[in-house]
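Asks: Below you will find the structure I want to go over with you.
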Amino acid sequence: MTRLGMVIDLEKCVGCRACMVACKVENNTPESAFWMYVFRLEDGEYPESRVSFLPRPCQHCDNAPCVKVCPVGARYTRDHGIVVTDWDRCIGCRYCEVACPYGVNYFNYKKPKELQYLNWENPDVEVHSQGEVPPYKNPVLAGKFGPEQRKVAGGGHTKGVMEKCTFCVHRVDSGLDPACVVNCPVGALIFGDLEDPESPASRAIADKPAYRLLEERDTRPKVRYIGAPVSSTAREIERPKVRN
Amino acid sequence: MAASRFLFGPLTTLGAAEESDSGDHTGTVDEWVPTTCWIGKQDCGMLAHRIDGRVVKLEGHPSHPRNMGTLCPKGVGQITALYDPNRVMTPLIRTNGKGVKGEFRAAGWDEALSLVAEKMNAAREDDPRKLIWQKGRSKAKSFYDKAFVNASGATKLHHGAYCSDAGYRACEYTVGPHGVLHPDFRNTDYVLAWGWNITAGGGNKTCWLTWNQQLIEARARGVKVVVVDPRVRAAGAYADKWLPIKPGTDLALALALCNLVIGQDTLDRDYLRKYSNAGYLVQEDGKFLRIDDVEQVWDETTGGPMPHDADGVTPALEGEFTVGDQTVRPGFQVFKEHVAGYTAEWAAETCGLNADDIREVAADLGSKASIGSIRSFDGVDVPHRPVSIMTYHVSQQELGFQQVRAQVMLMMLLGAMGASGGTMVDWTWKVHKNYAGLDDIEITDTPNIYLNKSKFYPINSNNSSIVAQVMNDPEAFGVDYVPEVAILHMVNPLSSFLSEEDLVEAYKKFKFVAVIDPWISRTADMFADVILPAATLEKYEGPPSGTDQYTDAVALRVPIQEPLGQSRGDIQIYLDLCEAAGILFGEGGYLDEVNKALKLSDEYALPLDRKPTEREIFDNWSKDQGIDEGVSFFEREGVLVKGPVSATKRYGYAMDEPFGGAIHRLYGESLQGYQEEMKKLGVSENYWKHYTALPTWQKPIMDTSPAEYDLYLVSYKMIEFKQGRATQSPLLAELAPKQRLDINPETARARGLEDGDAVLVESQNAVTGFTRQLKTVVHITSSIRPDTVAMPHHYGEIARSPVTEGQGPTPNVLFFTGEGYTANTGDQSFHVKVRVEKA
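So the protein lines, in turn, are chains A and B.
Counting in the working numbering, the first sequence runs without a single skipped number right up to 254 at its last residue.
Counting in the working numbering, the second sequence runs without a single skipped number right up to 832 at its last residue.
Written out as structure tokens, the structure is:
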């Protein structure tokens, strides 16, 4: 059976964060919601200091703690092992956020239209732009997906729901790779069926040691990392705009 | 929806109903339009995803050699440069005084263009030198830098002196091609990443993406990367070794490496003899020995002087000879003696490094250069010297010109310039006209506004901050006029250039300033009389090259929708402006100059009596390129991939005439000549002291600042904003929201500073004693030298937009222009001594 996963090659990642922007534009997520997040890390003291980068999408765990705690079945594991949120069913209890050890959940505290990268409802925008700037529109993201016909794609749909990385379910269902993977300038993100030894993801880890984040939690992520594990003494530098 | 209602009742508090889209999107028009990136420097290929005419995303063009289907954060984020409600939507005319935040009224194009044309023509008629055309990054040099400048007779000012032009001048002068230094990545084994901001912004010739792709392929082959930089942050995971060099001492390290390479005798003598002036005999007065105006070498076969270009001559590189009553030495011998004192220990002390690390670099260079080896490319044999340097913006420092010259000379000793796996300058090994031009400058006593060919800067990179100083005190520089009308095209000097207080004073002197820009830049806000709104991605523009040094390609920027509001494509604006000014038609008019700049053949030349559309011009150009279907090819495909770049174009050695016939100038005779003339004409030592035949270490003037200015400040670029008008983009500002001061933990502790603390940074000019200040916040990082602090080059509230408010200042306000802070080529230094205290 197909199990879609992502391999992240830390020996290639240059920490440019293009994947973060590609994700935001593809999925139209609100400000400060980074479904794909790239940690920029620093370790050691001068002159032995070293810089490294760690991209962190949703880990799409086989044993997903967030799915288990969702009281309404909004968070579920769909075909091919993708963990998604039915934003139409989510009641915003945020149990998933508490249960997840990876910090991948982003709650819509405000009405997303006030958070999106341009505020299409601000009257000033209308005045400044003389009505020339067309509002964002991508009906695909509002659609229903899969045999289950549930609303699981895209972000910024509504206030009071939890959203997170969907592995770009709307693209994957059309046979495309996730937006972050396609855009990575250096090929550090590799996507595919972990059960198929010929998939790009399987081939990437065939002859290299790969590991998962927080293996001891037994969450069994479908995101695998190649390269030196992040040191426990690493410090985060250059944080993007975070929520207040 | 139904299920949630059934189980839990209507969830009105969540407002889910507001978003009730049936998901039925039949009837929508879903399209992909190819175009070319606008926001960055390197013109990557893009595909715009359009739904019902509204662009929803920009993706990389899969066939474009430079980016192969991917984009950097700026590339993806520039959708906010298209749909920015703060863009200028109509022509604007100023209604208040200048030097303060502008008040503007909307105007029609006809009114605005007539006004600009009238002022422009008045200046041209009075004295053509009074018209200035100033640009930022030019996206269509043929149409702007060449055709408009030639048709209008304006004096062109540009940004190179703030970029890497000291390096350009050093390479043009020393070896010929136009650029700084980059590796032949596919074949190199060793990269000295010298001030190369590897993961955070650019490198020679391209702004970012291509080099990282090529570096990663090279890493897979095992290439070694040695980082020479006061900061290691940008090297990311790619530093096999970090040499944390003290700012401003790069020349010292390069000279010591030359000395070590000579000492270990890892020299490509064959190259030095054949293709450089290392064998030219130098008299005691520093001039070449010439007989009948021809430079002489000492022929080892005949044991006497011979013309350097005589058949079968074998020039001696070492020794001392007597010719007539002259004692002469080959240029190489002079160089060898010149660098003998630059030992590893001396450089370690000067540069704040370990002598063993420096020796290791020299030993690696010597062994990996594999001198004598050959690699074959499609049957073409090319000397294989797989050692290389990537160096770029680091050239912008007081000693920058000679620093890059010394780096080039280091590679010359190893035979690695233009070799397989070696060090490249331009995409192909084309010799620039400056190779001859910079060797033969006639110093003028009536220089123009940027002091071109003047006694101050005989070699001159055209620095707008110097222009400001000259405008503020023309007599001090022997200039007898002040420009009155300026056309600013996509340039924002107050934020991007240096010495803001000089610039502000100078811009007050312009009687009229017209701005062509999509935004109200800070400069436009304070000084524009008229703003002509330019489109961003909604226009025809180019043609940009698409080469990645291995595959040649050409592309076009194709409009991905109609221009927003009343904005127009820049080329359209020049057509309209030239028409209004009466310089569009006829010989010497704009259309004639476009024909020349695009090198259009007679068959496809634009008629000189009819105004074409932008599309028509590119249609003619496309057909002239042999693309029968014309511009529609680019509208459909975006990029024309022409195929592999041949070894005979890429490698200087492999050209039909090796290195294009340019003899590489190890010994810079004319530089010494300029020094002598400058002394005669009477300028202070700070101007002439770096004009020496051989790069010579001299302590940077900034080091004479008082001891309380105990830290070096350098600036650097960030991948989020590099080489683009970008901090007003909400998507990019979200990634990097605020200005900061990078400081080593030890340095911060000594000042009682913690991460996020507000600090006052004060710079000091060691020559004038002036100080400048700014406030920012501390960002503690151990990837920087303890005696150095650093700030991103960006920010400074670059345009009128709510996004830029509160982002913090640009460090450009702290740097100085002039003696000690400008290279001998007029290039700007981004180095200064500062003190930092808690605010």
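Every residue gets a Cβ at the ideal spot worked out from N, C-alpha and C, and that includes glycine.
If distances are taken between C-alpha atoms only, which option among E158/A, D183/A, E131/A comes closest to T12/A?
Replies: D183/A
Asks: Please classify L659/B: does DSSP put it in a helix, a strand, or coil?
Replies: coil
Asks: In terms of alpha-carbon separation, which member of R122/B, A792/B, D263/B lies closest to A74/B?
Replies: Nearest option by C-alpha distance: A792/B.
Asks: For Y814/B, which three-state DSSP category applies?
Replies: coil
Asks: Given a threshold of 16 other Cβ atoms within 10 Å of its Cβ, counted over all protein chains shown, does W25/B qualify as buried or as exposed?
Replies: exposed
Asks: Output needed for K826/B: all residues of its chain with C-beta closer than 8 angstroms, excluding positions within five of it in sequence on either side, in chain order.
Replies: M695, D696, S698, Y702, D703, L704, Y705, L706, S756, Q757, A759
Asks: Do F49/A and M30/A have their beta-carbon atoms positioned less than 8 angstroms apart in this structure?
Replies: no
Asks: Would the beta-carbon of P223/B fall within 8 angstroms of that of R778/B?
Replies: Using a Cβ distance threshold of 8 angstroms, P223/B and R778/B count as a contacting pair.
Asks: Determine whether the beta carbon atoms of W235/B and H482/B lie at a separation below 8 angstroms.
Replies: no
Asks: With H, G and I counted as helix, E and B as strand and the rest as coil, what does DSSP make of W614/B?
Replies: helix
Asks: Measuring straight from C-alpha to C-alpha, what distance separates N445/B and N455/B?
Replies: The alpha-carbon atoms of N445/B and N455/B are separated by roughly 7 angstroms.
Asks: So, helix, strand or coil for S(-3)/B, using DSSP?
Replies: In this prediction, S(-3)/B scores a pLDDT of 30, lower than 50, which makes its location untrustworthy; no coordinate-derived value is stated.
Asks: Rounded to the nearest angstrom, how far is the Cβ of Y105/A from that of V79/A, given a contact under 8 angstroms?
Replies: 4 angstroms
Asks: Consider the Cβ of A28/A: report whether some Cβ of chain B lies at a distance smaller than 8 angstroms.
Replies: yes
Asks: Quick one: what's got a C-beta closer than 6 angstroms to L724/B's C-beta in the same chain, skipping five residues either side?
Replies: G70, T73
Asks: Using a Cβ-Cβ distance under 8 angstroms, would G25/A count as near chain B?
Replies: Among the residues facing chain B, G25/A is included, as its CB has a counterpart in that chain under 8 angstroms away.
Asks: By the three-class DSSP mapping on this structure, what secondary structure does A244/A have?
Replies: Looking at A244/A - three-state DSSP - the assignment turns out to be coil, as it is neither helix nor strand.
Asks: Using 8 angstroms as the threshold, is the C-beta distance between A362/B and V373/B below it?
Replies: no
Asks: Is K501/B near G92/B, with beta carbons less than 8 angstroms apart?
Replies: yes
Asks: Within a Cβ cutoff of 6 angstroms, which residues of the same chain sit near K112/B, ignoring the five residues on either side of it in sequence?
Replies: Correct list, in chain order: V478, F505.
Asks: Using a 10 Å radius around the Cβ and a threshold of 16 neighbouring Cβ atoms, would you call S15/B buried or exposed?
Replies: At S15/B, the pLDDT of 40 sits below 50, so the modelled position is not reliable; the number obtained from the coordinates is stated separately. So S15/B ends up on the exposed side.
Asks: Between the Cα of Y474/B and those of I442/B, I480/B, D495/B, K448/B, spot the shortest distance and give me the residue it belongs to.
Replies: I442/B
Asks: Name, going along the chain, the residues of the segment 591 to 624 of chain B whose beta-carbon falls closer than 7 angstroms to a beta-carbon of chain A.
Replies: Of all residues in the segment 591 to 624 of chain B, none is placed with a Cβ closer than 7 angstroms to any Cβ belonging to chain A.
Asks: Determine the direct distance from the alpha carbon of E342/B to that of V460/B, and round the result to whole angstroms.
Replies: 37 angstroms
Asks: When you compare the CB of I736/B with every CB in chain A, is at least one pair closer than 8 angstroms?
Replies: no
Asks: Could you name the residues of chain A that C65/B contacts, counting a contact when the two beta carbons are closer than 7 angstroms?
Replies: C26, A28, P195
Asks: What separation, rounded to the nearest whole angstrom, lies between the Cα atoms of D518/B and A133/B?
Replies: Cα-Cα distance, rounded: 25 angstroms.
Asks: For the 8 angstroms Cβ check, are there 3 or more pairs between the segment 649 to 661 of chain B and the segment 555 to 568 of chain B?
Replies: no
Asks: In terms of residue numbering, what span does the beta strand (DSSP E) encompassing P240/B cover?
Replies: Unbroken run through P240/B: none, as it is neither H nor E.
Asks: Closer than 8 angstroms, CB to CB, is M671/B near chain A or not?
Replies: no
Asks: Taking only beta-carbon atoms, is V240/A less than 8 angstroms away from chain B?
Replies: no
Asks: Is the distance from the Cβ of S775/B to the Cβ of E52/A below 8 angstroms?
Replies: yes
Asks: Listing by chain order, which chain A residues have their CB less than 7 angstroms from the CB of K50/B?
Replies: V35, E36
Asks: Since M82/B is in the alpha helix (DSSP H), which residue starts that stretch and which ends it?
Replies: Careful: M82/B lies outside any alpha helix (DSSP H) and carries neither H nor E.
Asks: Determine which residues share a DSSP beta bridge with K149/B and list them.
Replies: According to DSSP, K149/B bridges with W126/B.
Asks: At the level of alpha carbons, what is the spacing between G661/B and L687/B?
Replies: 6 angstroms
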